[in-house]
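The block underneath contains the structure these notes are about, expressed in C-alpha cells.
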Amino acid sequence: MNGLLVAIKSELFVALRTFASKLIVAAPALVAAAQLMLVKLTEAGQQARDTLLGESGFEQSVANNAYGFFVDGLITGLTMLGLLLVAQSAYSFSYDSDIGSIRHILIRRVSRGSVLTAKLIHLHLLALLSVLLLLITSYAMSGMLWEYGAIVEDGFELISEQEIHEEIWLGLRLALVPLPAAIAFGLLISVSSQSATQAVTAALGITLAIDIFKGLLGDMSNYLYASFQPSLIDQSYLQSVSRIVRGYSDILIDDSVLQLNMWVPFPALALFFAASLWIVQRRKI
Amino acid sequence: MPALSVTGLKKNYGSFTVLEGVNLQVKKGSIHGLVGLNGSGKTTTIECILGLQSFNSGNITALGQSPKQLHRTKGKLVAIFDSPSLHPNLTVRQCLQHALLLCDEPTRSAQEVEDLLGVSRFRNFKIKNLSLGNKRRASIAQALLGDPEFVVLDEPFNGLDAEGVDDVLELISVLNRDYGTTFLLSSHQLPYLEQICSHIAILHQGKITHSDTISNLLGSTHTKLQIKTPNSEAASKLLEDIPGVELHGIDSEGYLNISVADSDSIAINKTLVESQIPVAELILKRASLATLFREITSEGD
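Below is the structure:
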C-alpha cells in the first residue's frame, strides 16, 4: 500500500478516536447555532418591548430576512474554525513528535514528506466536514427562526433570492480560500517548534497579531492571506455580504481586492508547505 | 549482508563531538547489545541509525536501506524507545489496531500479541492510565505485530519489574531462536545484556572500542582468584613466578588476590598443594560484562 495512503489512514484512525477532531468539526456549527438562538431571544425581547410601547420595528421585513442571520452564523463559525484549524495544525505534528508516536510511522512505513502531506489532507478533510456542518446548521437554524426571502422595500424587490445566493456563494468562497493557507501556516509552525505547547502558542499568537496589525498595514495587508479570513477584526468579504443581503446598498467592492483575496492564499499555501517539507526533512524527531 | 552496518559515523552538537567515527556491524540473527556510559552517545547512535536525526558524516545501512529510507523496509525494521511513544488517549487495543495499519501483511493478531505480552487485561485501558511497565509492554506489543526482521530497542528494561524483565528477555530469546529476528539493544542493565546477547559493542568516548561475541570479549579478560591460606607469603612467592599470573596483594580479610589469564584455577590449586601450601579457600571470580565494562571505561580516564 502506498505510504501516503497509510499515513492518511493512520491520521484518520487517530482522529476518529480523539476529542480534538470532533471539536473542530462540531464547535463552529454549535457556536453559530448558539449565536442565532441568542439573537432570536434578544430580538423577541425587543419585539415584546416595542409592542408594549406601541412602536413598530425598524424595517422589520428587511432586518428579519433569514439570509442576514445565516451569513452572520457563517462568519462566527468560520472565525472560530480558522482559529481552531491554525491551533490544531500547529498541534498535530509537534504533539506526535512530543509523544514519539511519529517515530513509529516514520521508521516502519512512511516518509517524512508523506506524513506531513497526510496531515495537510487530514486537516482539510476536517475543515470540509466542519464547513458542511456549519452551513447546514446555520441554514436550518436561520430558516427555523426567521424567513428566507428576497429583499423587498415598499413592494419593490431590491435584491432577488438568486442574487442573494450568488453573493453568499461568492462571500463563502472568498472566506474559505484562505483556510488551506492557514492550515499550512499552522503546520509550518508545528514542524519548526520544539514542543506542542510552543507551537500552538506561537501559531495563535502570530495569527491574532496579524489580525490586530493588518489595519495598520493599509493596502499591503491585501497581500496577507490572513486578511481575507473571517476574524475577530473582520475585513473579509463575507462581512460585506452580511450587509448586502440585509438590503444595505452602500457596499463598495474593489474588484482588485477580490482578485487578491482569490489568489494570494494559494502561493502562501505553497510557500508554507514547501518550507514545512524542507524543515521536516532536516529536523530531529 | 549484515542487518546493520555503520561505518565512520560522526555526529557533532555544535562544537561538541558526540560520535567520533562509530563502526558497528550487526549480523543477521544476532542479539547485539550496545553499552556505554551516560552521555556516551548510545541514543544518538540509535537515532542516527533510525533516521531520526542527521549526522555529520559516515555511512549507515539497515536492512539495505539508508536511515532516511527506512520506511521502505515496510515494517521489517521496528524500534522500541525509552519512552512508550504511544497515543495517550488511545486504548491498548486501539494502539495495536493503529499499528496494524502500518503492517503490509500482519502475521500476528492484536489478540495474539496482547496475550504474548500479558496486556490482555488492560486492552481497554487508555495508555495514559497504564503504569510505565505496562506502557512498555504495550509499546513492545505493537512493535511485534508485523513479524519484524530487525528490532532496535533503546533501554528496553526501564520501568519494568522483575517479572516484566523476565518476560522481555524470554520474548527476545524466543523471537531470535524461532524466527531469526535480529536485535540491537541499548541498555545500562549489563547483567541482562550478558544473559541475552550474543554480541556486545562498547561505546566509549565517541567510538566503539570493543565489538565481539560475549564469549570472546569475556575470554580476553583476566579471571580473578581469591586464595585463603595460612602461608600467604610463600604462596605469593610461588605464584609470582608462574607466567600469566598477576598478584594483587593480600586484602584485609587475609585473601591473596591474583588474576590469571586463562582462568585455570585447578592448575593454581594443584601447584600450591604440591608445594605443601595448604589452601583453605579458593574463590573463582569469573569475568563479567560489568567488570569488563568498568575496566574499559576506566582506561581512558
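Sequence lines, in order, name chains A and B.
Using our numbering, you'd call the opening residue of the first sequence number 1 and step up by one each time.
Using our numbering, you'd call the opening residue of the second sequence number 1 and step up by one each time.
For each residue, glycine too, the CB sits at the ideal point set by N, CA and C.
So which of B:Asn-176, B:Gly-219, B:Asn-56, B:Leu-132 has the shortest CA-CA distance to B:Pro-156? Looking at the Cα atoms, B:Leu-132 is the closest of the given residues.
Assuming A:Ala-66 is part of the alpha helix (DSSP H), what are its boundary residues? 66-99 is the extent of the alpha helix (DSSP H) around A:Ala-66.
Around the Cβ of A:Asn-65, are there at least 16 other Cβ atoms within 10 angstroms (buried) or fewer (exposed)? Sixteen is the threshold: when 16 or more other Cβ atoms of the shown chains lie within 10 Å of the Cβ of A:Asn-65, as they do, the residue is buried.
Closer than 8 angstroms between beta carbons: that is the criterion. Which residues of the segment 75-99 of chain B meet it against chain A? Residues of the segment 75-99 of chain B with a C-beta atom less than 8 angstroms from some C-beta of chain A are Gly-75, Leu-77, Val-78, Ala-79, Phe-81, Ser-83, Pro-84, Ser-85, Leu-86, His-87, Pro-88, Asn-89, Leu-90, Gln-94, Gln-97, His-98, Ala-99, listed in chain order.
Using 8 angstroms as the limit for Cβ to Cβ distance, is A:Leu-106 near chain B? Interface residue, yes.
Would you verify that the beta carbon of A:Ser-61 is, or is not, closer than 8 angstroms to some beta carbon of chain B? Summary for A:Ser-61: the model assigns pLDDT 49, below 50, so the residue's position carries little reliability; its value from the coordinates is reported in the next sentence. Contacts with chain B at 8 angstroms (Cβ-Cβ) do not include A:Ser-61.
Secondary structure of B:His-188, DSSP reduced to three states: Of the three classes helix, strand and coil, the one that applies to B:His-188 here is coil, per DSSP.
Taking B:Asn-216 as the reference, give the member of B:Asn-59, B:Ser-198, B:Ser-30 with the closest Cα. Looking from the CA of B:Asn-216, the closest CA among B:Asn-59, B:Ser-198, B:Ser-30 belongs to B:Ser-198.
Examine the Cβ distances between the segment 56-76 of chain B and the segment 103-119 of chain A and report whether three or more of them are shorter than 8 angstroms. Contact between the segment 56-76 of chain B and the segment 103-119 of chain A is present, because at least three Cβ pairs lie under 8 angstroms.
B:Glu-281 in three-state terms, based on DSSP: Here B:Glu-281 sits in strand by DSSP.
Taking 8 angstroms as the CB-CB limit, is A:Lys-22 close to chain B? Chain B contact via Cβ: absent.
Neighbourhood of B:Val-279 by C-beta, 8 angstroms cutoff - its chain only, sequence neighbours within 5 removed: The residues are Ile-227, Lys-228, Thr-229, Asn-269, Leu-272, Val-273.
Contact set between B:Leu-70 and chain A, taken where Cβ atoms lie within less than 7 angstroms: Counting only Cβ-Cβ distances below 7 angstroms, B:Leu-70 has contacts in chain A at Ile-107, in chain order.
Strand pairing of B:Leu-4, partner residues [DSSP]: In DSSP, B:Leu-4 forms a bridge with B:Val-26, B:Ala-62.
Cβ closer than 8 angstroms: which chain A residues qualify as neighbours of B:Ser-332? Look at the range of chain B in this structure, 1 to 301, and you will see that residue 332 of chain B is not part of it.
Quick one: give me the first and last residue of the alpha helix (DSSP H) that A:Phe-156 is part of. Unbroken run through A:Phe-156 is the beta strand (DSSP E), 156-159; no alpha helix (DSSP H).
Beta-carbon contacts of B:Leu-19 that lie in its chain and below 7 angstroms, excluding the five residues immediately before and after: Close CB contacts of B:Leu-19 within its chain, under the 7 angstroms cut and outside five residues either way in sequence, are with Leu-9, Lys-10, Lys-11, Gly-41, Thr-44, Thr-45, Gly-206 (chain order).
8 angstroms Cβ cutoff met for A:Ala-181 and A:Leu-78: In this structure, A:Leu-78 does not lie closer than 8 angstroms to A:Ala-181 by Cβ.
Identify whether A:Ser-61 lies in helix, strand or coil by the three-state DSSP scheme. Interpretation of A:Ser-61 is limited by its pLDDT of 49, a score under 50 that renders its predicted location unreliable; the figure taken from the coordinates is listed afterwards. Assigned with DSSP and collapsed to three states, A:Ser-61 falls in helix.
Any 3 or more C-beta pairs closer than 8 angstroms across the segment 120-139 of chain A and the segment 21-36 of chain A: With a cut-off of 8 angstroms on Cβ pairs, the segment 120-139 of chain A is in contact with the segment 21-36 of chain A, counting three or more such pairs.
Among B:Arg-294, B:Ile-31, B:Pro-2, B:Thr-297, whose alpha-carbon lies nearest the alpha-carbon of B:Val-151? That would be B:Ile-31, whose Cα lies nearest to the Cα of B:Val-151.
Taking the alpha carbon of A:Ile-159 as the reference point, which residue from A:Ile-151, A:Ile-168, A:Gly-205 has its own alpha carbon closest? Just measuring C-alpha positions, the residue of A:Ile-151, A:Ile-168, A:Gly-205 sitting nearest A:Ile-159 is A:Ile-151.
Among A:Arg-17, A:Phe-69, A:Phe-13, which has the Cα closest to the Cα of A:Val-39? Cα-wise, what sits closest to A:Val-39 is A:Phe-69.
In chain A, which residues lie with their C-beta within 7 angstroms of the C-beta of B:Gln-226? What B:Gln-226 touches in chain A: nothing, since even the nearest Cβ is about 47 angstroms away.
A:Asp-244 CB to nearest chain B CB: under 8 angstroms? Here the sequence assigns Ile to residue 244 of chain A, which means Asp is not the residue at that position. Against chain B, the CB of A:Ile-244 has no partner CB under 8 angstroms away; the residue lies outside that interface.
Tell me the rounded alpha-carbon separation between A:Ser-61 and A:Trp-278. Confidence in A:Ser-61 is poor, its pLDDT being 49 and thus under 50, which makes the residue's placement too unreliable to answer from.
With a floor of 4 residues, list each alpha helix (DSSP H) that falls wholly inside the segment 118-187 of chain A, ordered by position along the chain. For the segment 118-187 of chain A, the continuous alpha helix (DSSP H) assignments of 4+ residues that do not extend past its boundaries occur at 161-176, in sequence order.
Would you identify the three-state DSSP class for B:Gly-75, choosing helix, strand or coil? Residue state, collapsed to three classes: coil.
Beta-carbon proximity check, A:Val-280 vs A:Leu-116, cutoff 8 angstroms: Against a cut-off of 8 angstroms, the Cβ pair of A:Leu-116 and A:Val-280 comes out as a contact.
Under a Cβ-count criterion, where at least 16 other Cβ atoms within 10 Å of its own Cβ denotes burial, should A:Leu-217 be classed as buried or exposed? A:Leu-217 is classed as exposed because its beta carbon has fewer than 16 other beta carbons within 10 Å across all chains shown.
Using CA coordinates, which residue listed in B:Val-92, B:Gln-25, B:Asn-38, B:Gly-29 is at the minimum distance from B:Asn-59? Ranked by Cα distance from B:Asn-59, the first of B:Val-92, B:Gln-25, B:Asn-38, B:Gly-29 is B:Gln-25.
Minimum Cβ-Cβ distance from A:Thr-18 to chain B less than 8 angstroms: Chain B has a Cβ within less than 8 angstroms of the Cβ of A:Thr-18.
Using alpha carbons as the reference points, say which of B:Gln-69, B:Gly-64, B:Leu-63 lies closest to B:Ser-54. In terms of CA proximity to B:Ser-54, B:Gln-69 leads the group B:Gln-69, B:Gly-64, B:Leu-63.
Does B:Ser-54 have its Cβ less than 8 angstroms from a Cβ in chain A? Using a Cβ-Cβ cut-off of 8 angstroms, B:Ser-54 counts as an interface residue toward chain A, since at least one Cβ of chain A sits closer than that to its own.
Roughly how far, in whole angstroms, is the beta-carbon of A:Ile-136 from the beta-carbon of A:Leu-238, given that I think they are within contact range, below 8 angstroms? By a beta-carbon distance limit of 8 angstroms, A:Ile-136 does not contact A:Leu-238. Their separation comes to about 17 angstroms.
What did DSSP end up calling B:Lys-207 once you bin it into helix, strand or coil? DSSP places B:Lys-207 in strand when its eight states are reduced to three.
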